[in-house]
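*Asks:* Take a look at the following structure, please.
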Amino acid sequence: MKAYRLTRPKRTWRLTNVPTPSPGPMEVLVRVRASGICGADLEISRGEYPLARFPLIPGHEVAGIVAEVGSKVSGFTRGEHVGVGWLQGSCGNCTFCISGDENLCSAQRATGVNVDGGHAEFLLTHQEYLHRLPENMDFEHAAAMMCPGMTAFSALKLAKLRPGGRVGILGLGGVGSLAVQFASAMGAEIAVVTRGNKEKIQLARQLGAHHVLASDKKNPGELLQQLGGVEVILSTTVSARYVSESIVGLKPNGVMVWIGVPHEPIPVHADPMCAGRRRIIGLPSGGRVDVREALSFAARAGIKPMVETYPLPEAPRAIERMQNGLLRFRAILVPEP
Ligand SMILES: [Zn+2]
Ligand SMILES: [Zn+2]
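Residue numbers (this note's numbering): 257 to 593.
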């Protein structure tokens with residue numbers, strides 16, 4: 257099969273021929289129909305991701321068709337439409353695993369990180385970490401649901417956004433755009449804070465934002481305060497200053513969820529946190545329950561992620577657009593069927 261298999265950390269990806277894996281007793285071979293390129297893939301391929309092991313095929317946002325099942329697989333049959341996300345296994349026995357928080361387990365197997373991922377024609381996965389796709393969901397939309405979609409969904413769930421509540425979304429990229437779409441379907445009043453150009457401001461409105469706050473020269477926290485504050489902030493930005501300045505835009509009892517990970521420390525004053533009982537929660541992404549809930553919610557609500565599709569050999573072109581900030585909003589690799 258054709259695959260972007262990295263023998264060691266490197267910045268440029270080259271498509272090569274590698275043996276197609278065959279499933280063990282509990283495994284399923286998936287014919288990849290769509291595979292989203294995540295910012296994490298670029299960090300992994302640059303060797304900046306501690307859990308990554310090489311040689312490695314990256315890609316953890318995968319949708320496809322069951323091609324072959326192992327001898328002891330009971331839940332899936334050939335031809336079914338399925339999705340594979342970040343989680344590919346965990347210890348199954350720690351307090352996190354037995355309470356449905358397997359995404360917090362320290363013994364995680366992660367797709368495209370320490371087991372081979374989906375930037376290839378086929379992907380091997382354990383049946384317990386395979387998700388059936390809702391009927392009528394396109395592969396490229398399902399792929400975007402497997403990481404940015406379910407992350408946005410689980411962030412809103414974790415923040416306990418109330419119906420009709422006001423939410424601020426920092427940054428309009430893969431996760432931010434889907435957070436707008438999910439929050440809109442949940443009936444929220446949405447303020448997007450972006451440094452973006454006119455095109456992004458217009459896109460934010462199209463996706464469902466009620467307020468678009470351009471923070472090029474203004475303090476994002478003050479802009480949110482001018483609206484009367486928000487109950488929830490989802491931060492998808494990687495700017496530490498931006499995150500820090502936004503905190504004062506939270507109403508008392510408000511919660512900020514950190515999804516984007518700035519590399520430098522984020523300065524936080526204790527005073528507004530303590531005085532207003534404000535909280536910050538870090539979110540690594542969701543677990544299997546979140547994937548399934550996000551998929552069915554999106555299918556019912558008719559949420560279609562904005563994606564750009566590229567034939568599998570054109571990953572380098574997609575990555576270039578991504579690095580130049582031009583993607584709207586996810587690059588999806590599509591192998592030949
Ligand atoms: Zn991802
Ligand atoms: Zn565990």
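Beta carbons are placed, not taken as given, at the ideal position from N, Cα and C, and that holds for glycine.
Count the other CB atoms within 10 Å of the CB of T333; is the residue buried (16 or more) or exposed (fewer)?
*Replies:* As a working mapping, residue 333 is identified with position 77 in the sequence shown. Per the 10 Å Cβ criterion, exposed.
*Asks:* Taking 7 Å as the cut-off, does the CB of A363 come closer than this to any heavy atom belonging to ligand 1?
*Replies:* The sequence position of residue 363 within the sequence shown is 107, counting from 1. Because no heavy atom of ligand 1 lies under 7 Å away, the Cβ of A363 does not count as near it: no.
*Asks:* Return the chain-ordered list of same chain residues with a C-beta closer than 6 Å to the C-beta of G420, the five sequence neighbours on each side being excluded.
*Replies:* For this step, residue 420 is matched to residue 164 along the sequence shown. Excluding sequence neighbours, G420 sits near G443.
*Asks:* Given that a residue counts as buried once 16 or more other Cβ atoms are within 10 Å of its Cβ, and exposed if not, what is G558?
*Replies:* For this step, residue 558 is matched to residue 302 along the sequence shown. Looking at its Cβ environment, which holds fewer than 16 other Cβ atoms inside 10 Å, G558 is exposed.
*Asks:* Between Q462, S410, A399, which lies nearest to R289 when the distance is taken from Cα to Cα?
*Replies:* Here residue 289 corresponds to residue number 33 of the sequence shown, with the count starting at 1. Comparing Cα-Cα distances from R289 to each of Q462, S410, A399, the minimum goes to A399.
*Asks:* In terms of DSSP beta bridges, what is K258 paired with?
*Replies:* In the sequence shown, counting from the first residue as 1, residue 258 sits at position 2. K258 is bridged to N273.
*Asks:* Tell me whether H316 counts as near ligand 4, meaning its Cβ is closer than 7 Å to at least one heavy atom of that ligand.
*Replies:* Of the ligands one can find in the structure shown, namely ligand 1 and ligand 2, none is ligand 4.
*Asks:* Where does Y498 fall in DSSP's three states?
*Replies:* Here residue 498 corresponds to residue number 242 of the sequence shown, with the count starting at 1. Shown here, Y498 sits in a helix according to DSSP, grouped into three states.
*Asks:* Report, in whole angstroms, the separation of the C-beta atoms of R586 and P404, which I expect to be a contact under 8 Å.
*Replies:* Residue mapping note: residue 586 aligns to position 330 of the sequence shown, counting from 1. Residue mapping note: residue 404 aligns to position 148 of the sequence shown, counting from 1. With 8 Å as the limit, R586 and P404 qualify as a contact, their Cβ atoms being about 6 Å apart.
*Asks:* Would you report the Cα separation of G484 and G532, rounded to the nearest angstrom?
*Replies:* Residue 484 sits at position 228 when you count from the first residue of the sequence shown. Residue 532 sits at position 276 when you count from the first residue of the sequence shown. So the alpha carbons of these two residues sit roughly 15 Å apart.
*Asks:* Less than 8 Å between the beta carbons of T276 and F438, yes or no?
*Replies:* Position 20 of the sequence shown, counting from 1, holds the residue named residue 276. Position 182 of the sequence shown, counting from 1, holds the residue named residue 438. Going by C-beta atoms, T276 is not nearer than 8 Å to F438.
*Asks:* Is the shortest distance between the beta-carbon of M406 and the beta-carbons of chain D less than 8 Å?
*Replies:* Absence of chain D from the displayed structure is noted, only one protein chain being present.
*Asks:* Locate the alpha helix (DSSP H) running through M578, then write down its first and last residues.
*Replies:* Stepping through the sequence shown from its first residue, residue 578 is reached at position 322. Element bounds for M578: 571-579.
*Asks:* Could you say which of P518, P476, T492 lies nearest to V504 if we only look at CA atoms?
*Replies:* Counting from one through the sequence shown, the residue named residue 504 turns up at place 248. Comparing Cα positions, the closest option is P476.
*Asks:* Is the beta carbon of Y260 less than 8 Å from the beta carbon of P311?
*Replies:* Your numbering for residue 260 matches position 4 in the sequence shown. Your numbering for residue 311 matches position 55 in the sequence shown. Their beta carbons are not under 8 Å apart, which means Y260 does not touch P311 by this criterion.
*Asks:* Rounded to the nearest angstrom, how far is the Cβ of R534 from that of P508, given a contact under 8 Å?
*Replies:* Walking along the sequence shown from the start, residue 534 turns up at place 278. Walking along the sequence shown from the start, residue 508 turns up at place 252. Yes, R534 and P508 are in contact; Cβ-Cβ is about 7 Å, under 8 Å.
*Asks:* Going by the CB atoms, is the gap between G292 and I515 shorter than 8 Å?
*Replies:* Position 259 of the sequence shown, counted from the start, is the residue given in the question as residue 515. Position 36 of the sequence shown, counted from the start, is the residue given in the question as residue 292. Their beta carbons are not under 8 Å apart, which means I515 does not touch G292 by this criterion.
*Asks:* May I ask you to report which of helix, strand or coil DSSP gives N509?
*Replies:* Here residue 509 refers to the residue found at position 253 of the sequence shown. Strand, per DSSP.
*Asks:* What does the alpha-carbon distance come out to for the pair V499 and G335?
*Replies:* Locating residue 499 in the sequence shown gives position 243, counting from the first residue. Locating residue 335 in the sequence shown gives position 79, counting from the first residue. Going from the Cα of V499 to the Cα of G335 covers about 45 Å.
*Asks:* Should K456 go down as buried or exposed, given a rule of 16 or more other Cβ atoms within 10 Å for buried?
*Replies:* Looking up residue 456 in the sequence shown gives position 200. Counting Cβ neighbours within 10 Å, K456 comes out buried, since at least 16 surround it.
*Asks:* Would you call N359 buried or exposed, if buried means 16 or more other Cβ atoms sit within 10 Å of its Cβ?
*Replies:* Residue mapping note: residue 359 aligns to position 103 of the sequence shown, counting from 1. With 16 or more Cβ atoms within 10 Å of its Cβ, N359 is classed as buried.
*Asks:* Helix, strand or coil for L389 per DSSP?
*Replies:* Position 133 of the sequence shown holds residue 389. L389 falls in the coil class under three-state DSSP.
*Asks:* At which residue ranges does the stretch 332-389 contain complete beta strand (DSSP E) runs of 3 or more residues, listed in the order of the chain?
*Replies:* 337-340, 343-345, 378-382, 386-388
*Asks:* Helix, strand or coil: which one does DSSP assign to T492?
*Replies:* By one-based count along the sequence shown, residue 492 stands at place 236. The answer is coil: DSSP assigns T492 none of H, G, I, E or B.
*Asks:* Determine the direct distance from the alpha carbon of C347 to that of Q364, and round the result to whole angstroms.
*Replies:* Taking the first residue of the sequence shown as position 1, residue 364 is located at position 108. Taking the first residue of the sequence shown as position 1, residue 347 is located at position 91. The straight-line gap from Cα to Cα measures roughly 7 Å.
*Asks:* Taking contact to mean at least 3 C-beta pairs separated by less than 8 Å, is the stretch 487-495 in contact with the stretch 456-472?
*Replies:* no
*Asks:* Give the C-beta separation of K266 and H397 to the nearest angstrom, bearing in mind that I take them to be a contact with Cβ-Cβ under 8 Å.
*Replies:* Sequence index remark: in the sequence shown, residue 266 carries index 10 (1-based). Sequence index remark: in the sequence shown, residue 397 carries index 141 (1-based). Not a contact, Cβ separation roughly 30 Å.
*Asks:* Can you check which of these residues, T493, T263, A376, P279, is closest to Y566 by C-alpha distance?
*Replies:* Here residue 566 refers to the residue found at position 310 of the sequence shown. Ranking the options by Cα distance to Y566, first place goes to A376.
*Asks:* Classify H467 as helix, strand or coil using the three-state DSSP reduction.
*Replies:* Position 211 of the sequence shown, counted from the first residue, corresponds to residue 467. In the structure shown, H467 adopts extended strand secondary structure according to DSSP, grouped into three states.
*Asks:* So the alpha helix (DSSP H) V547 belongs to, where does it begin and stop?
*Replies:* For the purposes of this step, residue 547 is taken as residue 291 along the sequence shown, with counting starting at 1. 544-557 is the span of the alpha helix (DSSP H), which, as asked, contains V547.
*Asks:* Would you mind stating whether A550 and F409 have Cβ atoms separated by less than 8 Å?
*Replies:* Sequence index remark: in the sequence shown, residue 550 carries index 294 (1-based). Sequence index remark: in the sequence shown, residue 409 carries index 153 (1-based). With contacts defined by Cβ atoms closer than 8 Å, A550 and F409 form a contacting pair.
*Asks:* Round the Cβ separation of G373 and H316 to the nearest angstrom and send it over; I've been treating them as touching at under 8 Å.
*Replies:* For the purposes of this step, residue 373 is identified with residue 117 of the sequence shown, where counting begins at 1. For the purposes of this step, residue 316 is identified with residue 60 of the sequence shown, where counting begins at 1. About 5 Å separates the beta carbons of G373 and H316, which is inside the 8 Å limit, making them a contact pair.
*Asks:* Entirely within the stretch 392-437 and at least 4 residues each: give me those alpha helix (DSSP H) ranges in chain order.
*Replies:* 395-400, 406-414
*Asks:* Near A415, which residues of its chain fall below 6 Å by C-beta distance, leaving aside the five closest residues on each side in sequence?
*Replies:* Mapped onto the sequence shown, residue 415 falls at position 159. Once the five neighbours on either side are set aside, the close Cβ partners of A415 are V488, V511, V513.
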